[in-house]
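2 protein chains.
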Amino acid sequence: MKGEIIAVGTELLLGDIVNTNAQFISQKCAFIGLNIYYHTSVGDNSSRLATVLHSSLSRSDVIIITGGLGPTKDDLTKEVVAKVLNKPLKLNWQWYKTINKIFSKRATIMPSNNIKQALIPKGAEILTNKNGTACGIYINSHGKHLFLLPGPPREMFPMFEDKVLPKLFELEENLGRIHSRVIKTYGIGESALVEKIDDIITNQTDPTICTLAKNDGIHVRITTNTDQDKITKTLSTVEMRLKEYVWGYDDDSVNQLIVKTLKDKKLSVSTVESCTGGAIASSLTDVPGSASVYTEGTVLYTEQSKANFLHCSLTEIPQGGIEEQLTIKLAKRAKEVFSTSIAFAITGALGPTAPKGVEVGTIFMAIVLDNKIVSKEFKFYGSRENIKEKAILAALHLIYKNLNEEPLDG
Amino acid sequence: MKGEIIAVGTELLLGDIVNTNAQFISQKCAFIGLNIYYHTSVGDNSSRLATVLHSSLSRSDVIIITGGLGPTKDDLTKEVVAKVLNKPLKLNWQWYKTINKIFSKRATIMPSNNIKQALIPKGAEILTNKNGTACGIYINSHGKHLFLLPGPPREMFPMFEDKVLPKLFELEENLGRIHSRVIKTYGIGESALVEKIDDIITNQTDPTICTLAKNDGIHVRITTNTDQDKITKTLSTVEMRLKEYVWGYDDDSVNQLIVKTLKDKKLSVSTVESCTGGAIASSLTDVPGSASVYTEGTVLYTEQSKANFLHCSLTEIPQGGIEEQLTIKLAKRAKEVFSTSIAFAITGALGPTAPKGVEVGTIFMAIVLDNKIVSKEFKFYGSRENIKEKAILAALHLIYKNLNEEPLDG
């Protein structure tokens, strides 16, 4: 089966949004072995969408269309698909009732133009939407499989996982034979990493290996469409070469690993944040069930607030409140007052300006554990936003690394 | 002139990268008034790229192609374009020398496959690349204007600004006259908003009006390519209709507006966060210079930590630590201990599970100001991540709204 993706929305052509839907769907399709040959974005324009749809129908078996299912006049995906496939739109009572329920839950009356969202092409199937009023639609037309999905990623992503993927497996029994593993690294650049495994990459046939520069470090992906066991050997070779940089696999995220390890070791953590302003606490508590290991934290954004926390006079705080010894003191104090097994503290200058004597991008971190104190200075470059992102990631990795070296609580 | 964008690269179709190039180019083109009607992504495949190119040539005047200009065999954009336009590739000595210079600067010998990067179609013009070895190429073929640009954004973005934009202005003297304003709303859905201004949207000719559903609410964009003054009248009409929902314009973000208003009114704010885990503090401190108005905050993620903060016994904390009166108490206590003019507190259940008696998505917020206490219950739907996002946004808007009603300090 050949697949392609069409995104509908003038906002894409104006550059107001980036087409993350196409990326998400492509990743999922690559993973199950459904080849995607084209992405197209087209505006909210009937005749241009119809033209695009005609050429997709002529060359692809699976056509996934995102966007244009909203309640406004601009939203015309269903109308154009209905016309091109000659399947008139009909009111679907089930979805009509669902939309009504959504509005009554919000204690508002359904605006009349939302009725449009309950119309679906004759013979089509509804794909329910847990996060909005636009249902997805599946149409089988002369052996061509069309999926119409809502544009907002927070509606589309779960719908694709829950409704589209199972349907694709139904349609084609050969799907799902791709096996893939990802090794996640941190602390090494892409070209340095490639140098370490260049011979393996050059000689690859099956499994194939590629490197991907991601926000949380460089990933190495090993893929086969034959025997899953082939991955295991390559994985351990790559792993051995990159040992000190490897922190996770596949869907791992470092905040989840921290929470899991804390739970496993029956430990708890608290945070003191200056420059990151609560973002590290926020990342840790993103993980469901984190309340059993993350108890509390504080954001100290001024010199005075740091002095108050340390019960010391303002004169004892170094100017700007950015310094290694101060950061250690903050972590020590946190371990005491928050009664956690581990306490983490961070101070630093994100820019665009910095206190006297401190360079933009200078970050200090400290971790206090039962049997040791670790502190580290970092130097990051880039915009305020970039430096903040890098500092959060470095903090999480520092916590995770030290956590792994900790014995069980006892 | 009609334009379109083609991205070449199998990595796009595998979802390894997202097509930020198309967004960047689209934004720039929208700004100068060059209409982009299609984005297409196609893999590193000669015949499919040729097909795409043929249909682009049949419908567009300006075709901007990104990617496929690298030194490897996979990179075939120039080869395909040369064949389709019947303009054979020739070595360009100027660029050949430039590439050589780049390699000698790196103190390495130019790999032989890089010679490929000095080949350009006969009659084409070079667009120099400050950040890499792939030159851009401009071709005028029977009145069709083709731009071939490198794929990496850090090479493509500056090349587009420095080389492509000036060329586009040369080609079409009517470009560059677009004026645009954005009104940002919060607290109203897109269809309810559209109902309020439906007549204006329906009767639009110049300026044009469109609505955009963004993460921070629904935006209304008003655009003209004639007289800038035409925007002003429509802007104030739209503004009047949406009055209670309008919070910002153009590049405004609500956290920046909060920090600015706090500064203007000489006020300060502190935060107590349970469910959002520090994300509200993090958003406020994202703003450069926020330290003068955001002093400190705390993340209380357990019942015990809330009891400690309130200096009360654990039995006084409602089960789960999610409740309106508790939230008010936390804000009151924060105003006291952090000595800020305003204190904000939030408790709630993000899911996937919730404490007994509390529904997932229930959020309580409280603000304590000098002369009043405001508290509010919210009910959000969606995943843990969605509910968190919505809660953060609602919190910022609640703070901003109440801040605007505050008199100057002193």
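Chains as they are written, first to last, in the numbering used here: chain D, 1 to 410; chain B, 411 to 820. C-beta atoms are modelled at their ideal positions from N, C-alpha and C, and glycine is treated no differently.
Looking only at C-alpha atoms, which of the options sits nearest to residue i?
{"i": "Ile387/D", "options": "Thr276/D, Lys260/D, Pro407/D", "result": "Thr276/D"}
{"i": "Ile509/B", "options": "Gly453/B, Glu535/B, Lys540/B", "result": "Lys540/B"}
{"i": "Lys73/D", "options": "Gly477/B, Arg591/B, Glu600/B", "result": "Glu600/B"}
{"i": "Ile5/D", "options": "Gln23/D, Asn402/D, Leu12/D, Leu13/D", "result": "Gln23/D"}
{"i": "Ala417/B", "options": "Ile442/B, Lys488/B, Ala440/B, Met411/B", "result": "Lys488/B"}
{"i": "Ile593/B", "options": "Pro568/B, Asp662/B, Ile530/B, Ile610/B", "result": "Asp662/B"}
{"i": "Phe748/B", "options": "Val299/D, Pro88/D, Leu49/D, Leu148/D", "result": "Val299/D"}
{"i": "Ser551/B", "options": "Leu495/B, Trp503/B, Ile588/B", "result": "Leu495/B"}
{"i": "Gly453/B", "options": "Ala440/B, Leu486/B, Cys439/B", "result": "Leu486/B"}
{"i": "Ile536/B", "options": "Asp572/B, His464/B, Phe719/B, Ser590/B", "result": "Asp572/B"}
{"i": "Phe688/B", "options": "His39/D, Thr20/D, Pro407/D, Ile392/D", "result": "Reading off the sequence shown, one finds Gly at residue 688/B, where the question assumed Phe. Out of His39/D, Thr20/D, Pro407/D, Ile392/D, Ile392/D has the C-alpha closest to the C-alpha of Gly688/B."}
{"i": "Thr636/B", "options": "Lys653/B, Thr618/B, Ile628/B, Leu652/B", "result": "Thr618/B"}
{"i": "Gln729/B", "options": "Ala744/B, Pro498/B, Ala759/B, Thr750/B", "result": "Ala759/B"}
{"i": "Asn387/B", "options": "Thr518/B, Ile525/B, Ile512/B", "result": "Lying before the first or after the last residue shown, residue 387/B is absent from chain B, which here runs from 411 to 820."}
{"i": "Val62/D", "options": "Pro71/D, Cys29/D, Ala82/D, Leu69/D", "result": "Cys29/D"}
Per the DSSP calculation, residue i is bridged to which residue(s)?
{"i": "Thr271/D", "result": "Gly297/D, Phe344/D"}
{"i": "Pro318/D", "result": "None; Pro318/D has no bridge partner."}
{"i": "Leu310/D", "result": "Its beta-bridge partners do not exist; DSSP assigns none."}
{"i": "Gly413/B", "result": "Ile446/B, Val472/B"}
{"i": "Leu89/D", "result": "Pro121/D"}
{"i": "Ser451/B", "result": "His39/D, Ala417/B"}
{"i": "His179/D", "result": "Thr224/D"}
{"i": "Lys594/B", "result": "His629/B, Gly658/B"}
I'd like to know if residue i contacts chain B, where contact means its C-beta is closer than 8 Å to some C-beta of that chain.
{"i": "Thr98/D", "result": "no"}
{"i": "Gly410/D", "result": "In this prediction, Gly410/D scores a pLDDT of 44, lower than 50, which makes its location untrustworthy; no coordinate-derived value is stated."}
{"i": "Asn430/D", "result": "Since the first and last residues shown for chain D are 1 and 410, residue 430/D lies out of range."}
{"i": "Ala281/D", "result": "yes"}
{"i": "His39/D", "result": "yes"}
{"i": "Arg333/D", "result": "no"}
{"i": "Gln23/D", "result": "yes"}
{"i": "Gly187/D", "result": "no"}
{"i": "Gly43/D", "result": "yes"}
{"i": "Asn203/D", "result": "no"}
{"i": "Gln304/D", "result": "yes"}
{"i": "Pro71/D", "result": "yes"}
Is there a Cβ of chain D sitting closer than 8 Å to that of residue i, yes or no?
{"i": "Ile416/B", "result": "no"}
{"i": "Gly687/B", "result": "yes"}
{"i": "Gly707/B", "result": "yes"}
{"i": "Gly425/B", "result": "yes"}
{"i": "Val604/B", "result": "yes"}
{"i": "Thr671/B", "result": "no"}
{"i": "Glu600/B", "result": "yes"}
{"i": "Ser456/B", "result": "no"}
{"i": "Val768/B", "result": "no"}
{"i": "Val428/B", "result": "yes"}
{"i": "Leu803/B", "result": "no"}
{"i": "Thr695/B", "result": "yes"}
{"i": "Arg794/B", "result": "yes"}
{"i": "Pro698/B", "result": "yes"}
{"i": "Ile446/B", "result": "yes"}
CB-CB under 6 Å to residue i, same chain, minus the five flanking residues each way: which ones, in chain order?
{"i": "Lys90/D", "result": "Lys122"}
{"i": "Thr671/B", "result": "Leu813"}
{"i": "Ile399/D", "result": "Ile258, Phe344"}
{"i": "Ile547/B", "result": "Ile530, Ala534, Leu558"}
{"i": "Gly410/D", "result": "Residue confidence for Gly410/D is low, a pLDDT of 44 falling below 50, so the modelled location carries little weight and cannot support an answer."}
In chain order, what residues of the same chain have a beta carbon less than 8 Å from the beta carbon of residue i, not counting five sequence neighbours either side?
{"i": "Asn255/D", "result": "Ser283, Leu284, Asp286, Val287, Leu396"}
{"i": "Ile373/D", "result": "Ile328, Ala331, Lys332, Ala366, Ile367"}
{"i": "Thr421/B", "result": "The sequence shown places Glu at residue 421/B, rather than the Thr named in the question. Answer for Glu421/B: Ile427, listed in chain order."}
{"i": "Pro563/B", "result": "Thr430, Asn431, Phe434"}
Among residues of its own chain, excluding the 5 on either side of residue i, which ones have a beta-carbon nearer than 7 Å to its beta-carbon?
{"i": "Thr647/B", "result": "Ile610"}
{"i": "Glu713/B", "result": "Leu724, Ile727, Gly731"}
{"i": "Val490/B", "result": "Ser456, Leu459, Ala460, Leu463"}
{"i": "Ser702/B", "result": "Lys673"}
{"i": "Asp616/B", "result": "Thr634, Thr636, Lys640"}
{"i": "Ser41/D", "result": "Ala7, Leu12, Leu13, Asn19"}
For this session: Output the residue ranges of the alpha helix (DSSP H) runs that lie fully inside the stretch 199-251 of chain D and measure 4 residues or longer, sorted by chain position.
Result: Whole alpha helix (DSSP H) segments, 4+ residues: 229-242.
Exercise. In chain order, which continuous runs of the beta strand (DSSP E) of length 3 or greater are located wholly inside the stretch 519-572 of chain B?
Worked result: Whole beta strand (DSSP E) segments, 3+ residues: 529-531, 535-537, 546-551, 554-559.
Exercise. Can you list, in chain order, the stretches of the alpha helix (DSSP H) that have 4 or more residues and sit fully within the stretch 769-794 of chain B?
Worked result: Listed in chain order, nothing qualifies, since the stretch 769-794 of chain B has no complete alpha helix (DSSP H) run of 4 or more residues.
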